[in-house]
Amino acid sequence: MEVEIRLGSVRYPFRLGTDCLGAIVEDLVAMSASRLLIVCDSNTGPLFGAELVERLSPRVPANLLIHRAGEPYKDLQAVGTLADSALQLGADRASVVVAVGGGVIGNIAGLMAALLFRGIRLVHIPTSLIAMSDSVLSLKQAVNACVGKNLMGTFYAPESVLADTAMLRSLPFRETVSGLCEVVKNSLAIRPSMVEMLRTSLRQDAVYDDETMYEIISESILAKASVTEDDMHECRAGLVLEYGHTVGHAIEYTAAGGLSHGQAIGLGMVVAAEVSHRLGHLDQEAVALHRELLTRAGAMVTIPEEVDLDEVMHRLRFDNKRGYLADPAESSAMVLLGGLGEPLWHDGRPLVSVPMALVGEVINEIACPEIPNFELVSPVETVEEGRVPDTVGAADG
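Counting in the numbering used here, the sequence shown runs from 547 upward without gaps.
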C-alpha cells in the first residue's frame, strides 16, 4: 500500500507493507545518499538498526547512531550529541537521516535532520504503532524542555515514510496499548465511523495479527489526513489532534517515564470528556464510550496513585497550546467534544478555555473514582561503517 500524505503544500509517500524490509533497503539505496545515518534507540538498534546497516553497507555508506531509549531523554542535548556524532562520521548535505523507532526517536532524528546544514533529507521507518498511525503523519519535530513536553522544535517534512507491520510483532504490551490509545482518540475526535471496527477488533491482551494492524493503521491515516490536509502546521482544524493532550502531556511529564505517551493521552481524554459533560456539551453515553474503548484496548482509565496531582496541575501552565486563545487567568485551553467527531470551536480553533478549578476537580475524581472502571461484558553510541555492534551502548541524554 502506498498513499500520498498531503499536508498543505507538502507531499510525501507513506509506503506500508508486511515483511518488506528488503523493499525498504532498496528505497534507501535509491536515494543516492552520500551517507545514511541510521538513528535508533537502545531498543530498536539491536532489533532493526543493526540489520539495516548490515544490508545497506555493501551498497552505500551507512552508520548506526544509538541514543538512550525513553521520553526523559528527548531533549536538545540528545539532538546535539547525535548531530556531533554524525558530523564526525562524515555527514554532509547529501546525507540522509533515517529515523528507526517510535515517536521519541522520530522527533529527535527529525529535529536533527532539520538542523544539520539547515536541513538534510529525512526518512521515517516507524517501529511502533503510535509512530505508524500518528507521529509520522505530521511535520512536527520537537523535543522537551525542563518545564514541559514538546516546547522546542520546528516543522520539517520527511522524504518518505517506510513502514513494515512485521516490526510491530516485537512490540511490548505497553507500547501496543500506547498506540491504540491514539487510535481511539482519532475515532472519538475525528472519525467516529471507526468505533464499531474498534469495538470488534480491540483486545485487552494487545495481541493482534498483521491484517488487523494494517486495518487500524490505514483507518488512522485517513482520520488524521482529514484534518491536516489543509492545515500543515496543525494550528487550526489540525488542533483536534491535541484531544486529550492538555492534561495527558501534564500527566506524562509528571510520571517521568512511568506511563507511556498514549496511556497518558488516554487519561487526558477521560478528563476532557468529563469536563465537557460537566459544561453541558457531551452526553453521558459518549463519556462512557471513552472508558469502554480505552478499556477494550487494555488501557487504564483512572490516574495511578503514584502520579502527583499537584504537579500535574502545575505542568498544565506550560501546555504548548498557550497563546492560541486569550485565556482568562486560571484557565487552560483544551480540545473538547460536543459529540463524537464534533470538536467545540472558539475564535476559529477547536479549543475552549476551561477553568483550572474544574480541571483539577475532575482530575482528582478520576484519580480516586466513585465510579469503577468500565468492565467489559463481552467480547549515543556511534558504530563504525558497516559494523554490527556486539553490545549496544546508550548515550546520555
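Heads up, the beta-carbon is just placed ideally off N, CA and C, and yes, glycines get one too.
| request: Would you be able to state if there are at least three C-beta pairs under 8 Å between the stretch 699-709 and the stretch 607-614? | output: no
| message | Closest to Leu602 by C-alpha separation, out of Lys620, Val816, Val642, Val853, would be which residue? | response | Stepping through the sequence shown from its first residue, residue 602 is reached at position 56. Closest by alpha carbon: Val642.
| message | Starting from Asp829, trace the beta strand (DSSP E) in both directions and tell me its first and last residue. | response | Residue mapping note: residue 829 aligns to position 283 of the sequence shown, counting from 1. Where Asp829 is concerned, there is no enclosing beta strand (DSSP E), given that its DSSP letter is neither H nor E.
| query | Leaving out the 5 sequence neighbours to the left and right, which residues in its chain are closer than 6 Å to Ala677 when beta-carbon positions are compared? | reply | In the sequence shown, residue 677 corresponds to position 131, counting from 1. Gly648, Gly649, Gly652.
| request: Select from Leu683, Glu907, Ser681, Leu633 the residue whose C-alpha is nearest the C-alpha of Ala659. | output: Within the sequence shown, the letter at position 113 stands for residue 659. Nearest C-alpha to Ala659: Leu633.
| query | Does DSSP classify Arg715 as helix, strand or coil? | reply | Taking the first residue of the sequence shown as 1, we reach residue 715 at position 169. Three-state DSSP puts Arg715 in a helix.
| Could you check where the alpha helix (DSSP H) with Met859 kicks off and where it finishes? | Taking the sequence shown and counting its residues from 1, one reaches residue 859 at position 313. From DSSP, the alpha helix (DSSP H) with Met859 extends over 855-861.
| message | My parser needs the alpha helix (DSSP H) runs of 4 or more residues fully inside the stretch 831-908; what are they? | response | 855-861
| query | Does the Cβ of Ser679 have 16 or more other Cβ atoms within 10 Å, making it buried, or fewer, making it exposed? | reply | Here residue 679 refers to the residue found at position 133 when the sequence shown is read from its first residue. Buried, by the Cβ-count rule.
| Spatial distance of Thr590 from Ala875 (CA atoms) | By one-based count along the sequence shown, residue 590 stands at place 44. By one-based count along the sequence shown, residue 875 stands at place 329. In a straight line, the C-alpha of Thr590 is about 44 Å away from that of Ala875.
| message | Just to confirm my understanding: we take Ala615, look at its own chain, exclude 5 residues before and 5 after, and list those with CB closer than 7 Å. What are they? | response | The residue you call residue 615 lines up with position 69 of the sequence shown. Counting only Cβ-Cβ distances below 7 Å, and skipping sequence neighbours, we find Asp587, Ser588, Asn589.
| Proximity test, Ala903 beta-carbon vs the ligand ZN heavy atom, cut-off 7 Å | As for the ligand ZN, it is missing from this structure, which has no ligand bound.
| said: Quick check on this structure: which residue in Leu882, Gly887, Gly894 has the alpha carbon closest to the alpha carbon of Ala872? | reply: Along the sequence shown, one-based indexing puts residue 872 at 326. Comparing Cα positions, the closest option is Gly894.
| When you compare each of Glu775, Glu911, Gly784, Leu862 to Arg557 by their alpha carbons, which one comes out closest? | Taking the first residue of the sequence shown as 1, we reach residue 557 at position 11. The option with the nearest alpha carbon to Arg557 is Glu775.
| field | Cβ pair count under 8 Å reaching 3, the stretch 854-865 against the stretch 882-896 | value | no
| query | Taking all protein chains shown into account, do 16 or more other C-beta atoms lie within 10 angstroms of the C-beta of Met740, making it buried, or fewer, making it exposed? | reply | For the purposes of this step, residue 740 is identified with residue 194 of the sequence shown, where counting begins at 1. By the neighbour-count rule (16 or more Cβ atoms within 10 Å), Met740 is buried.
| query | Who are Cys586's beta bridge partners in DSSP? | reply | In the sequence shown, residue 586 corresponds to position 40, counting from 1. Note: Cys586 sits in a beta bridge opposite Ile612.
| task | Look at the Cβ atom of Ile811, then the Cβ atom of Cys727, and state whether they are nearer than 8 Å. | result | To locate residue 811, count along the sequence shown from 1; it is residue 265. To locate residue 727, count along the sequence shown from 1; it is residue 181. Yes, these two residues count as a Cβ contact at 8 Å.
| query | Should Val858 be labelled buried (16 or more other beta-carbon atoms within 10 Å of its own) or exposed? | reply | On the sequence shown, position 312 is the one that residue 858 refers to. Per the 10 Å Cβ criterion, buried.
| request: Could you name the residues of the same chain whose beta carbon sits closer than 7 Å to that of Leu805, not counting the 5 residues immediately before and after it, in chain order? | output: In the sequence shown, the residue the question calls residue 805 occupies position 259. Closer than 7 Å at the Cβ level, and outside the excluded window around Leu805, lie Ile797, Glu798.
| query | In or out: Pro918 buried (at least 16 other Cβ within 10 Å) or exposed? | reply | For this step, residue 918 is matched to residue 372 along the sequence shown. Only weak support is given to the placement of Pro918: the predicted model assigns it a pLDDT of 47, under 50, and the value that follows is read from those uncertain coordinates. So Pro918 counts as exposed.
| Secondary structure of Tyr789, DSSP reduced to three states | As a first step, residue 789 must be located in the sequence shown, where it is residue number 243. Coil, per DSSP.
| field | Runs of alpha helix (DSSP H) wholly within the stretch 666-716 (minimum 4 residues, chain order) | value | 675-679
| Environment of Phe594 [buried if 16+ CB atoms lie within 10 Å] | Here the question's residue 594 lines up with position 48 in the sequence shown. When all chains shown are included, Phe594 counts as buried.
| said: Between which two residues does the alpha helix (DSSP H) holding Ala645 run? | reply: Here residue 645 refers to the residue found at position 99 of the sequence shown. Note, Ala645: premise wrong, no alpha helix (DSSP H); beta strand (DSSP E) at 642-647.
| Best match in Ile570, Arg782, Ala802 for proximity to Asp854 [C-alpha to C-alpha] | Along the sequence shown, read from residue 1 onward, the residue named residue 854 stands at position 308. Nearest C-alpha to Asp854: Ala802.
| task | Closer than 6 Å by C-beta to Met547: which residues in its own chain qualify, once you throw out the five before and the five after it? Chain order, please. | result | In the sequence shown, residue 547 corresponds to position 1, counting from 1. Answer for Met547: Leu562, listed in chain order.
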